[in-house]
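Working notes, structure below.
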Amino acid sequence: MLAHRATDSRLAQARSLLELGRAIPAGLLAAPIAASWRRCLDAGLDPHHPPNVGRIEQHELERHRAAHETARRLARAEMQALHRQLGRDSFVLAFADPDGVLIDSLVSEGRRGDIEAFGIVPGTVWEESLVGTNALGTASASRQRIAVRGAEHFFTHHQRLSCIAAPIFLPDRTLAGVLDATCFSEAYAPNARAIVALAAAEIEARLFRARLAGKRLLAIHGRAEFLDTAYAGLLALDAADRVVAANDQARFILAGLPEPIGATFGALFAPAELRPGAAGTLTDRAGRLFHARLDQPETARPRKIAPAQGVPAADAPVAEDPAARAALDMAARAAARGMPVLIRGATGTGKEVAARYAHRASGRSGRFVAVNCAAIPPDLIAAELFGHVEGAFTGARRGGAAGLAVEADGGTLFLDEIGDLPLPLQAALLRFLDDFSVRPGGRRDAAPGRRAAADGDQCRSRRGGGRGTVPGGPVLPAGDRRDHPAGAARAQRHPPARGAPARTGGAGHAA
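Residue numbers (the numbering used here): 17 to 527.
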């Protein structure tokens, strides 16, 4: 508390000196804010005057959007997730292109008057040299993440705002855009900066993959479960095994080795064989061991996650909302790589539809086995899931039973309502997710060969909080979806064939 008051006192002193036109001693301001104020003064801005928030014409806005459509689309999905995480009424989310033009925003209805008053709307230009110190413009100018609170803004007009922004870069380190979160108070959740930074990192990682889809992509990390996250180091390799692009995480992970760009695989790593699409391990030239996965170019893959034609499969989910589409694609990619997936969502949002979609995308030849955990008596659910030997308990089947997990071997096991599982069984489920081996009830050792879909079994869906966390994308609640009209029209244009499962209610609009 005392440190906070001292900071406020120093800021008030710096503010007073700025408005009097006097020099500001070092130490009164955080270094990034002090540097921004100096740039604003050098640009001839006067803190007493209203900021010059320019606004381009609609046709110019559309041109800017078209030029950065991929980045905007990826940012939109993260903005929708941020809107839920940070609080719908607390923050305005915005994405600006490299020129400082705000090309997308997300705001609750109750804040529309505020964003109009401050000009936080698509088409406005938030360059620091025009609008003064502000998170969006200052992050672009400094190429660094930044938070600007209240009186740290150069113009008095903006002192009611507190903003967090993170720049997003293309593989060649040119600026792709800036993600911004603005609230109308100096106080916000202490983890807000970290949440915005992670969202920006996710966008950057997806942009890297999108821009280099024609190259082989090598993902590396010290932990296998992070290979599909924003924390993974990414290296793009050409046909000669030479690195043509690397993200910042790769440079950080390979610290102490030569600059990755232009280096050959052999200059960075010891000889190793990586099966395309499968996880393995690599040792770098400094002797450090990493988990790794080598992905072939998208164009070389014989299987696609989504149908190529415009007519959806009879039981395919209708998802044109960007966040819903991103959640589906995330689950499908994880399924194709043999990872367990957690799909969250309220009743009726279509968790099973999403799970079936991911099952098809995984390419597994085995069955899709759906289990409603809440419908099985607690004292029988372990035997139903993991099987039992003959005589394991009163009423056990003669000859025992393999269990539903083994029935899904080579396919997908969908567990609905796992929040209703007894705690001891949740612990057993976590062990199952770790190595996919099954120990039937009454047997002392794990059954040999009883691996339930070791290469692609998926545990999906639950109703609330839980003990284990596995990678996956949240299902967008039906009330948040932006694609109801388009989705309904699409479903009407392509109704299910006779005998095919109908896509009705929430499932038809599920992600």
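Just so it is clear, CB atoms sit at the ideal spot from N, CA and C, and this is done for glycine as well. Since the model is a prediction, treat every value here as computed from it, not as a measurement.
Grab me the residues of residue i's own chain with a C-beta within less than 6 Å of its C-beta, minus the 5 sequence neighbours each way, in chain order.
{"i": "G419", "result": "L401, F402, G403"}
{"i": "P114", "result": "L191"}
{"i": "R71", "result": "G139, T140"}
{"i": "P318", "result": "Note that P318 scores a pLDDT of 41, beneath 50, so its modelled location is shaky; the value from the coordinates is reported in the next line. Excluding positions up to five away in sequence, the list is empty."}
{"i": "G296", "result": "L290, A308"}
{"i": "F409", "result": "Bear in mind that a pLDDT of 48 at F409, under 50, signals an unreliable position, so the model cannot answer this."}
{"i": "G272", "result": "A302"}
{"i": "N68", "result": "L146"}
{"i": "A30", "result": "I40, L44, L45"}
{"i": "Q101", "result": "I211"}
{"i": "E530", "result": "The first residue shown for the chain is 17 and the last is 527, placing residue 530 beyond what the model contains."}
{"i": "A374", "result": "A347, A348, A351"}
{"i": "G293", "result": "none"}
Do you know offhand how far residue i's Cα is from residue j's?
{"i": "A371", "j": "A444", "result": "22 Å"}
{"i": "A386", "j": "V422", "result": "13 Å"}
{"i": "I49", "j": "A151", "result": "10 Å"}
{"i": "A462", "j": "A347", "result": "Since pLDDT at A462 reaches only 43, below the 50 mark, its modelled position is unreliable, and the value read off the structure follows with that caveat. Distance between the alpha carbons of A462 and A347: 29 Å."}
{"i": "A350", "j": "G116", "result": "35 Å"}
{"i": "R239", "j": "L177", "result": "39 Å"}
{"i": "G129", "j": "I269", "result": "45 Å"}
{"i": "E218", "j": "T245", "result": "7 Å"}
{"i": "R514", "j": "R376", "result": "Below a pLDDT of 50, predicted positions are generally treated as unreliable, and R514, at 42, falls in that range; the measurement from the model is reported next regardless. Cα-Cα distance, rounded: 21 Å."}
{"i": "T198", "j": "C179", "result": "4 Å"}
{"i": "L45", "j": "E275", "result": "35 Å"}
{"i": "S52", "j": "L118", "result": "20 Å"}
{"i": "L396", "j": "N388", "result": "13 Å"}
{"i": "N207", "j": "A288", "result": "40 Å"}
{"i": "L571", "j": "I136", "result": "Residue 571 is absent from the model: the chain starts at 17 and stops at 527."}
{"i": "P438", "j": "A83", "result": "52 Å"}
{"i": "I359", "j": "Q442", "result": "16 Å"}
{"i": "I392", "j": "Q312", "result": "43 Å"}
{"i": "G382", "j": "V357", "result": "17 Å"}
{"i": "G148", "j": "A226", "result": "33 Å"}
{"i": "L284", "j": "L98", "result": "37 Å"}
{"i": "L77", "j": "E85", "result": "12 Å"}
{"i": "T428", "j": "G361", "result": "19 Å"}
{"i": "A59", "j": "L305", "result": "50 Å"}
{"i": "A343", "j": "P440", "result": "30 Å"}
{"i": "F224", "j": "A399", "result": "45 Å"}
{"i": "A248", "j": "D257", "result": "19 Å"}
Checking the sheet assignment: what are the DSSP bridge partners for residue i?
{"i": "F185", "result": "L191"}
{"i": "G296", "result": "A308"}
{"i": "F111", "result": "D120, L195"}
{"i": "A235", "result": "L250, R309"}
{"i": "C179", "result": "V164, T198"}
{"i": "D432", "result": "N388"}
{"i": "T172", "result": "DSSP output for T172 lists no bridge partner at all."}
{"i": "A262", "result": "L251"}
{"i": "T154", "result": "Per DSSP, none; premise fails for T154."}
{"i": "R89", "result": "In the DSSP output, where bridge partners are listed per residue, R89 has none listed."}
{"i": "V147", "result": "Paired residues: none, contrary to the question."}
{"i": "F285", "result": "D300"}
{"i": "V141", "result": "G70, V117"}
{"i": "T280", "result": "R258"}
Residues in the same chain with beta-carbon distance under 8 Å from residue i, minus the five sequence neighbours each way, listed in chain order, please.
{"i": "I277", "result": "V259, V260, A261, A262"}
{"i": "D188", "result": "A261"}
{"i": "A39", "result": "L33"}
{"i": "Q175", "result": "G166, A167, H169"}
{"i": "A42", "result": "A50"}
Thinking residue i and residue j are a contact (beta carbons under 8 Å), I'd like their distance in whole angstroms, please.
{"i": "E368", "j": "D432", "result": "7 Å"}
{"i": "I236", "j": "A266", "result": "7 Å"}
{"i": "A216", "j": "L195", "result": "5 Å"}
{"i": "D120", "j": "F107", "result": "With 8 Å as the limit, D120 and F107 do not qualify as a contact, their Cβ atoms being about 14 Å apart."}
{"i": "P183", "j": "R222", "result": "Contact flag wrong, Cβ pair sits at about 15 Å."}
{"i": "L253", "j": "F281", "result": "6 Å"}
{"i": "A279", "j": "T299", "result": "Incorrect: roughly 16 Å between the Cβ atoms, too far for contact."}
{"i": "C56", "j": "F134", "result": "Going by Cβ atoms, the distance from C56 to F134 rounds to 18 Å, so no, they are not a contact pair."}
{"i": "A229", "j": "L27", "result": "A229 to L27, Cβ: 46 Å. No contact."}
Within its chain, find whatever has a CB closer than 7 Å to the CB of residue i; leave out the 5 residues flanking it on each side and keep chain order.
{"i": "L243", "result": "A235, H237, A295, H307, R309"}
{"i": "F185", "result": "L191, A192, E220"}
{"i": "A155", "result": "R161, I162, A181, A182, P183, V194"}
{"i": "G126", "result": "D105"}
{"i": "S201", "result": "S178"}
Can you confirm whether residue i, when its beta carbon is compared against all beta carbons of chain C, has any partner nearer than 9 Å?
{"i": "G230", "result": "In summary, chain C is missing from the structure at hand, where a single protein chain is found."}
- Query: With contact counted as at least three CB pairs below 8 Å, one residue from each stretch, are the stretch 159-174 and the stretch 196-216 in contact?
  - Reply: Three or more pairs of CB atoms, one per stretch, sit closer than 8 Å, so the stretch 159-174 contacts the stretch 196-216.
- Task: Spell out a yes or no on whether the stretch 82-100 and the stretch 47-64 are touching, meaning 3 or more CB-CB pairs, one atom from each, closer than 8 Å.
- Result: Contact between the stretch 82-100 and the stretch 47-64 is absent: fewer than 3 CB-CB pairs across the two stretches fall below 8 Å.
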